[in-house]
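So the structure is just underneath, and the comments pick up after that.
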Ligand SMILES: [Zn+2]
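In this note's numbering, the protein residues as written are 11 to 135.
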């Protein structure tokens, strides 16, 4: 499953592009066929819904909040934070040949990846 979020001009990286019910149907059918499901998600809502729908992993999760992190833990959903990719792109953004809106969107959403994945490592209360 894919949430576009940052690469398209008018997409909100925090908004899920599927409903929870749609995700549940996708995951159920994939699992019925013996397939694993990875969700490409940045925002907290998409991460929470994908995990509740039963996806096996979340790719990115850069804009997760505490509730999304708790949902991943509760459901045992793997997180693939892709930190190197994000940091590399951020470091090379000015010399890359991408549209200005993409640069602005990355700047608005990229400083948080380390922060959200560091929260995940905090000791449990
Ligand atoms: Zn991606």
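Backbone N, C-alpha and C define an ideal beta-carbon position, used for all residues, glycine too.
Values in this document were obtained by computation on a predicted structure and should not be read as measured data.
CB-CB length for residue 48 against residue 67, believed under 8 Å
For this step, residue 48 is matched to residue 38 along the chain shown. For this step, residue 67 is matched to residue 57 along the chain shown. The pair is a contact, with the Cβ atoms about 5 Å apart (cut-off 8 Å).
Among the residues of its own chain, which have a CB less than 7 Å from the CB of residue 113, if the five just before and after it don't count?
By 1-based counting over the chain shown, the position of residue 113 is 103. 103.
If residue 165 and residue 70 are in contact, beta carbons under 8 Å, what's the gap, nearest whole angstrom?
Nothing can be reported for residue 165: it is not among the residues displayed for the chain, which extend from 11 to 135.
Give me the Cα-Cα distance between residue 76 and residue 31, rounded to the nearest whole angstrom.
Taking the chain shown and counting its residues from 1, the one referred to as residue 76 is at position 66. Taking the chain shown and counting its residues from 1, the one referred to as residue 31 is at position 21. So the two alpha carbons sit approximately 23 Å from each other.
Do residue 87 and residue 61 count as a contact pair if the criterion is CB distance below 7 Å?
Locating residue 61 in the chain shown gives position 51, counting from the first residue. Locating residue 87 in the chain shown gives position 77, counting from the first residue. Cβ distance < 7 Å, so residue 61 and residue 87 count as in contact.
Contiguous beta strand (DSSP E) assignments of at least 3 residues, all confined to the stretch 48–88:
48–53, 67–73
Counting along the chain, where does the alpha helix (DSSP H) carrying residue 101 start and finish?
Position 91 of the chain shown, counted from the first residue, corresponds to residue 101. 93–101 is the extent of the alpha helix (DSSP H) around residue 101.
N-terminal and C-terminal residue of the alpha helix (DSSP H) that residue 104 is part of
Here residue 104 is taken as the residue at index 94 of the chain shown, counted from 1. It is not in any alpha helix (DSSP H) - residue 104 carries neither H nor E in the DSSP assignment.
Rounded separation between residue 57 and residue 92 - CA only
Here residue 57 is taken as the residue at index 47 of the chain shown, counted from 1. Here residue 92 is taken as the residue at index 82 of the chain shown, counted from 1. Each residue's Cα considered, the two are about 15 Å apart.
From which residue to which residue does the alpha helix (DSSP H) around residue 35 run?
Along the chain shown, one-based indexing puts residue 35 at 25. Note, residue 35: alpha helix (DSSP H), 30–42.
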